[in-house]
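Colleague:
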Amino acid sequence: MKADAKNVLTGAHYLDGNHACAEGGIAAGCRFFAGYPITPSTEIAERISQRFPLVGGLFIQMEDELASMAAILGASWGGVKSMSCTSGPGFSLMMENFGLGIMTETPCVLVNVQRGGPSTGLPTLPGQADMMQARWGSHGDYEVIALAPDSPQESFELTIHAFNLSEKYRMPVLIMTDECVGHMTEKVVIPPPEEIELIARRYTEKKPDEALPFELTDDLISPMLPVGKGYKFHVTGLTHDERGYPVINAEAQEKNVVRLMDKVNKHADDIIWLEESDVEDAEVVIIAYGISSRVVKPAIARAQKEGIKVGEVKMVTVWPFPEKRVKELASKVKALIMVEMNYGQVFLEMDRIVGGKCATYLAGHAGGTVHKPDDVYRIIKEAVK
Amino acid sequence: MATTEIRITGFGGQGVILCGHIIGKAAAIYNDQHATLTQSFGPEARGSACSAQVVVSTERVLYPYVTSPHILLAMSNDGYNTHKRHMAEGSILVCEKDLVKPDKRGKEGEVFAVPATRIAEELGRKIVLNIVMLGFFAAVTDLMPMEALRQSVESSVPTGTEELNLKAFDRGYEYGVALKEKTEIQV
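Sequence order for the protein chains is A and B. Number 54 in numbering that gives the first Met the number 0 belongs to position 55 of the first sequence; there are no gaps in the numbering. Number 64 in numbering that gives the first Met the number 0 belongs to position 65 of the second sequence; there are no gaps in the numbering.
Here is the structure:
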């Protein structure tokens, strides 16, 4: 399926990451947005509110983030691609209904333009300290998919990719960007619509009296049931059977939760997206995501100039975590360095997977600005000592 | 790799961010360079001294923030005073002649001043002073061809104001060319 030609702004633009993200959503076919303004994410909502009337979408400014998250789930079940955006405090408020999206297996995209926390923290400055909240912020056991763009161009591209993943795996997908990328303006090339590949929603091929909204399929992803076409079904946050009816016992719980987790874990190779450079024969490898994966590059170049064998793994997807690849690297290199704007969130996951097979370092800080290449360079030097 | 860091500073409302946007867009869209624009979003961006930063480079900009600008475009004395200490040695100061008073504590090498407010007032709209500054900037720096900036002005200002803004740009440019020629004669 290709993007809808008349609504894609093909060409070269000078856009910030938030505007680019909004255009990515529109190109992906998103036609419902519910949100509540919060710095530094508001430009996404602003642009969508201006563009949606022109493309036939519906924008609603809700009373709060709880309602926003609930509304995009409802819209998705209504048959429309939907998204919302927020930042730290709003992300906290969305967590309960994000879990509802996981439980009801509802395709939608949620963008968190991360700022410094905790609480209201630094509204106008960047952070990457919501990464574990993205992973575990809602209650219960589940898996998530989270992407991290490093530029306005990637904000456009990864928003489309997030919609595709959400439809493919029938679940909410997170874009974990940050204030620096969101408010940074650069050239964004929007390709012609025929070059934008979209994954269409998979609906059941069964008749209304045979179809089940949570059918157990081989790939663990049940096709959805369309509304308004005679299908009757129930959607609930309670543990449910294939019909969607509540079943409150340990057996149903085991089946349901394990399937929700397997849906992501068994397709991890398809979901995980890494970009590696100079990793072959590297002595030290930097692992980073989002804006941090970009500002480490001058540090790497400087160290390489001095003959240090250092490579980079950029995590385009942060969750699910690339366990397999990190294990392989740990058995080959002297050290792995995680660079992130927090005091060790994804680092802890990396360190756990490494399990002592190589040295691990955290280049972390509390946010408010991006890493200075010099600081990363110093840690590379320490790691090769 | 040739990289130029630029900081634009002035009062909130003078069109500081638009100025940065036009420079970045000129480089990235009309001159085949890489340009990253960042801006101050805090309370300082609302009413008092605010600033926009542009990094222009022949290669992809990896570190997005400006640390020691090679060019400071100042439209207010407050802005100049806030940022003068962080300029690169021998950098260029491009400023509004009546509003900015360069002093010995700044690190600027060359200073280029234009009475942009007066020129804008002559054109009937004080609001275009930032575009006069841009025209002047195009003349006194060699960052990119004047035409790239001019095109960027045309495609960035509100519809219906293109003619006035291009006139403002041209007046600033002409003032800059004349000033440079005179400077050279004096040398």
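C-beta: ideal position from N, C-alpha, C; glycine also. Small disclaimer: the values here were computed from a predicted structure and weren't measured.
Does the segment 92-103 of chain B come into contact with the segment 70-78 of chain B, if we say contact requires no fewer than three beta-carbon pairs (one atom in each stretch) closer than 8 Å?
Modeller: Yes, the segment 92-103 of chain B touches the segment 70-78 of chain B.
Colleague: What are the boundary residues of the alpha helix (DSSP H) that includes Gln303 of chain A?
Modeller: For the purposes of this step, residue 303 of chain A is identified with residue 304 of the first sequence, where counting begins at 1. Run containing Gln303 of chain A: Lys296 to Lys304, per the alpha helix (DSSP H) assignment.
Colleague: Assuming Ser86 of chain A contacts Arg114 of chain A under a Cβ cut-off of 8 Å, what Cβ separation, rounded to an integer in Å, is found between them?
Modeller: If you number the first sequence from 1, residue 86 of chain A lands on position 87. If you number the first sequence from 1, residue 114 of chain A lands on position 115. Their Cβ separation, rounded to whole angstroms, is 5 Å, which keeps Ser86 of chain A and Arg114 of chain A in contact under 8 Å.
Colleague: Give the residues from the segment 148-166 of chain B that approach chain A closer than 7 Å (Cβ to any Cβ), ordered along the chain.
Modeller: Residues passing the 7 Å Cβ filter: none.
Colleague: May I ask which residues mark the beginning and end of the alpha helix (DSSP H) holding Glu250 of chain A?
Modeller: The residue labelled residue 250 of chain A in the question sits at position 251 within the first sequence. Per DSSP, Glu250 of chain A belongs to the alpha helix (DSSP H) from Ala249 to Asn264.
Colleague: Can you tell me the Cβ-Cβ gap for Ala26 of chain A and Pro36 of chain A, rounded? I've got them flagged as a contact below 8 Å.
Modeller: On the first sequence, position 27 is the one that residue 26 of chain A refers to. On the first sequence, position 37 is the one that residue 36 of chain A refers to. At roughly 23 Å, the Cβ-Cβ gap does not stay under 8 Å, so Ala26 of chain A and Pro36 of chain A are not in contact.
Colleague: Identify the continuous beta strand (DSSP E) that holds Glu95 of chain B and give its terminal residues.
Modeller: Residue mapping note: residue 95 of chain B aligns to position 96 of the second sequence, counting from 1. Looking at the DSSP string, the run of the beta strand (DSSP E) that includes Glu95 of chain B is Ser90 to Glu95.
Colleague: What's the call for Asp141 of chain B, buried or exposed, on a 16-neighbour Cβ count within 10 Å?
Modeller: Walking along the second sequence from the start, residue 141 of chain B turns up at place 142. Asp141 of chain B comes out exposed.
Colleague: Does the beta-carbon distance from Leu122 of chain B to Leu165 of chain B come in below 8 Å?
Modeller: Taking the second sequence and counting its residues from 1, the one referred to as residue 122 of chain B is at position 123. Taking the second sequence and counting its residues from 1, the one referred to as residue 165 of chain B is at position 166. Cβ atoms of Leu122 of chain B and Leu165 of chain B: not closer than 8 Å.
Colleague: Around the C-beta of Thr238 of chain A, are 16 or more other C-beta atoms found within 10 angstroms, so that it is buried, or is it exposed?
Modeller: As a working note, residue 238 of chain A is residue 239 in the first sequence. Thr238 of chain A comes out buried.
Colleague: Using a Cβ-Cβ cut-off of 7 Å (strictly less than) and excluding sequence neighbours within five positions of Val7 of chain A, which residues of its own chain qualify?
Modeller: Counted from its first residue, the first sequence places residue 7 of chain A at position 8. Taken in chain order, the residues that qualify are Ala26, Ile189, Pro192 and Ile195.
Colleague: Can you look up Lys384 of chain A in the DSSP assignment and give me helix, strand or coil?
Modeller: Here residue 384 of chain A corresponds to residue number 385 of the first sequence, with the count starting at 1. Lys384 of chain A: coil per DSSP, three-state reduction.
Colleague: So which residues on chain A does His20 of chain B lean against when the C-beta distance must stay under 9 Å?
Modeller: Locating residue 20 of chain B in the second sequence gives position 21, where the first residue counts as 1. Residues of chain A passing the Cβ test: Tyr13 and Thr184.
Colleague: Would you say Pro144 of chain B reaches chain A, if we count a Cβ-Cβ gap shorter than 8 Å as a contact?
Modeller: Mapped onto the second sequence, residue 144 of chain B falls at position 145. Pro144 of chain B does not count as touching chain A.
Colleague: Quick one, which of A:Ala334, A:Glu178 and A:Ser83 has its alpha-carbon nearest Asp129 of chain A's?
Modeller: Position 130 of the first sequence, counted from the first residue, corresponds to residue 129 of chain A. Answer by Cα proximity: A:Glu178.
Colleague: Since Ala1 of chain B meets chain A, which of its residues come closer than 7 Å, beta carbon to beta carbon?
Modeller: Here the question's residue 1 of chain B lines up with position 2 in the second sequence. Going along chain A, no residue has its Cβ under 7 Å from Ala1 of chain B, so there is no contact; the nearest lies around 15 Å.
Colleague: Which residues, in chain order, does the segment 294-318 of chain A contribute to contact with chain B at a C-beta distance below 8 Å?
Modeller: Flagged, chain order: Val294, Lys296 and Pro297.
Colleague: Is there a Cβ of chain B sitting closer than 8 Å to that of Val257 of chain A, yes or no?
Modeller: If you number the first sequence from 1, residue 257 of chain A lands on position 258. Not an interface residue.
Colleague: My output table needs one value for Trp272 of chain A: the three-state DSSP class, helix, strand or coil.
Modeller: Along the first sequence, read from residue 1 onward, the residue named residue 272 of chain A stands at position 273. In the structure shown, Trp272 of chain A sits in coil (DSSP, three-state: anything other than H, G, I, E or B).
Colleague: Establish whether the CB of Gln185 of chain B and some CB of chain A are separated by less than 8 Å.
Modeller: Walking along the second sequence from the start, residue 185 of chain B turns up at place 186. Residue placement at Gln185 of chain B cannot be trusted, given a pLDDT of 44 that sits under 50; what the coordinates show is reported in the next sentence. So, not an interface residue.
Colleague: What does DSSP give as the partner residue(s) for Asn111 of chain A in the beta ladder?
Modeller: Along the first sequence, read from residue 1 onward, the residue named residue 111 of chain A stands at position 112. Note: Asn111 of chain A sits in a beta bridge opposite A:Thr85 and A:Met175.
Colleague: Using C-beta distances below 6 Å, list every residue in its chain close to Val369 of chain A, excluding the 5 sequence neighbours before and after it, in chain order.
Modeller: Position 370 of the first sequence, counted from the first residue, corresponds to residue 369 of chain A. The answer, listed in chain order, is Cys179, Ile290 and Val294.
Colleague: Report all residues from its chain with a CB closer than 6 Å to the CB of Glu4 of chain B; omit the five preceding and five following residues, and keep chain order.
Modeller: Here residue 4 of chain B refers to the residue found at position 5 when the second sequence is read from its first residue. Within the same chain, Glu4 of chain B has close Cβ partners Val54, Val65, Pro68 and His69.
Colleague: Would you mind reading off the limits of the beta strand (DSSP E) that contains His160 of chain A?
Modeller: Start at 1 with the first residue of the first sequence, and residue 160 of chain A comes out as number 161. Element bounds for His160 of chain A: not the beta strand (DSSP E) but the alpha helix (DSSP H), Pro151 to Tyr168.
Colleague: Provide the residue span of the alpha helix (DSSP H) that contains Phe135 of chain B, from first to last.
Modeller: As a position in the second sequence, residue 135 of chain B is number 136, starting the count at 1. First-last of the alpha helix (DSSP H) with Phe135 of chain B: Leu128 to Val139.
Colleague: Do the CB positions of Val99 of chain B and Cys49 of chain B come within less than 8 Å of each other?
Modeller: One-based indexing of the second sequence puts residue 99 of chain B at position 100. One-based indexing of the second sequence puts residue 49 of chain B at position 50. Their beta carbons are not under 8 Å apart, which means Val99 of chain B does not touch Cys49 of chain B by this criterion.
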